[in-house]
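Here the structure is laid out as structure tokens; the discussion comes afterwards.
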Amino acid sequence: KRRSMASRPPIQASIGLGKPAKAANGEDKSWQSEVGVNGVSHPVGGDAEDIGVYPLDNNNAQLLDLVAPLEWLNPAPEFGEELYYDLVAVGAGAGGLVSAKQSARRGAKSALVEKHLAGGDCLNVGCVPSKALIRCARSCAEIRHAVDFGVDVMADTMVVDFGRVMQRMRELRAKIAPADSLAGTTGVGAACFTGTATFTSPNTMEVKLNGGGYREIRFGKAVVATGGSAAIPPIAGLKEAPYHTNVSLFNMTAMPESMVVIGAGPIGLEMAQAFALFGTKVTCVLRSSKLLPKEDPDAAALIYERLKADGIEFV
567 KRRSMASRPP
577 IQASIGLGKP
587 AKAANGEDKS
597 WQSEVGVNGV
607 SHPVGGDAED
617 IGVYPLDNNN
627 AQLLDLVAPL
637 EWLNPAPEFG
647 EELYYDLVAV
657 GAGAGGLVSA
667 KQSARRGAKS
677 ALVEKHLAGG
687 DCLNVGCVPS
697 KALIRCARSC
707 AEIRHAVDFG
717 VDVMADTMVV
727 DFGRVMQRMR
737 ELRAKIAPAD
747 SLAGTTGVGA
757 ACFTGTATFT
767 SPNTMEVKLN
777 GGGYREIRFG
787 KAVVATGGSA
797 AIPPIAGLKE
807 APYHTNVSLF
817 NMTAMPESMV
827 VIGAGPIGLE
837 MAQAFALFGT
847 KVTCVLRSSK
857 LLPKEDPDAA
867 ALIYERLKAD
877 GIEFV
């Protein structure tokens, strides 16, 4: 039974901000210890697969140690006291990170609650990995059109090493991860909890910790920044097909020979163009007769012609 805290005055407990757990040798428990011989992972299963980031190579292990530590010691109240924060942000994506960090920098007592990966979509399955792929695709386009600028590429065939493309993406993502890490958040004075938050009153919440147990928190203000997810269209048979969304796309290790992209929004089109430039046969299925229906029609028409020139088929 949850205990009520709503009527109690704030008590400033002397507590920790959260930190990685230690192994028997005194070092932080880490995902990097799970990486196989020579940095190449064994077939990933268990917790690593459940968390949705693989293959478990050195780069992804480094990422996970920063944004989803193998074991996290959550803040706990002193005996007889309670956890109180001026502001609690639920969700460690861009919105939650900014809210918790900036509040702490300005002297407030703040906390962050995240059940999955700190950094949210942008770091893990959005802006950062997609732009890494797009930059590689741009190199492909520049080589193909080099002759237009008076540069003759002597090789008859351009070969894309997709494994290296994805490895580069994982390297860049891991390098950027410290900025969005749990340790980076505690470093500016905000507490971090790993678990699922449930509001129990207008000013209280219960956090079910990922490692087991609960924390009860009272707060002055709360920011809900839990993001969104891909909308899966109700297409017969799609659930049984091996389809990708942005969550799984960046786990790919082999370039597909062909790809069907459903939808004509910016995210789908930028990945469609990237894979087409890599050499995948890409078909885009449009829900309406217009590409980018929310954008300026003249701009959409130019983009349509550019994508067709890059080899994308529209149906």
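For reference, each letter of the sequence shown is one residue, going 567 to 881 in this note's numbering.
Glycine is no exception: its CB is placed at the ideal position from the N, C-alpha and C atoms.
In this text the structure is predicted, and so the values were computed from the model without any measurement.
Query raised in the report: Taking the alpha carbon of residue 816 as the point to measure from, which residue in 630, 699 and 681 has its own alpha carbon closest?
Result: 699
Requested in this report: Would you mind working out which of 846, 632 and 818 sits nearest residue 620, comparing C-alpha positions?
Outcome: 818
Report task. Using 7 Å as the cut-off, classify the Cβ of residue 818 as near or not near the heavy atoms of the ligand SAH, replying yes or no. Result -> Ligands are entirely absent from the displayed structure, and the ligand SAH is therefore not among its contents.
Query raised in the report: Should residue 739 and residue 868 be called a contact, given that it needs their Cβ atoms to be closer than 8 Å?
Result: no
Query raised in the report: Quick one: Cα of residue 759 to Cα of residue 766, how far?
Result: 17 Å
Query raised in the report: If you drop the 5 nearest sequence neighbours on each side, which residues of the same chain put their C-beta closer than 8 Å to that of residue 813?
Result: 618, 691, 795 and 796
**Report entry** Helix, strand or coil at residue 701 [DSSP, three-state]
**Finding:** helix
Query raised in the report: Is it right to say residue 780 is buried, meaning 16 or more other beta carbons lie within 10 angstroms of its own, or is it exposed?
Result: exposed
Query raised in the report: How about residue 839 and residue 703: do their beta carbons lie closer than 8 Å?
Result: yes
Query raised in the report: Would you report the Cα separation of residue 716 and residue 722, rounded to the nearest angstrom?
Result: 17 Å
Query - Nearest-angstrom Cα separation, counted from residue 584 out to residue 757 - result: 6 Å
**Report entry** Beta-carbon separation (whole angstroms), residue 683 vs residue 751, contact threshold 8 Å
**Finding:** The Cβ separation is near 13 Å, so there is no contact.
Report task. Determine the burial state of residue 685: buried for a count of at least 16 other Cβ atoms within 10 Å of its Cβ, exposed for fewer. Result -> buried
Query raised in the report: Roughly how many whole angstroms lie between the Cα atoms of residue 835 and residue 648?
Result: 49 Å
Query raised in the report: Hey, quick one: how far does the beta strand (DSSP E) through residue 828 stretch, first residue to last?
Result: 824-828
Query - Residue environment, residue 811, which counts as buried when at least 16 other CB atoms sit within 10 Å - result: exposed
Report task. Would you check if the distance between the CB atom of residue 601 and the CB atom of residue 632 is smaller than 8 Å? Result -> no
**Report entry** Which listed residue (801, 637, 865 and 664) has its alpha carbon closest to that of residue 777
**Finding:** 637
Query - C-beta neighbour in chain B for residue 740, strict 8 Å - result: No chain B is part of this structure, which consists of one protein chain only.
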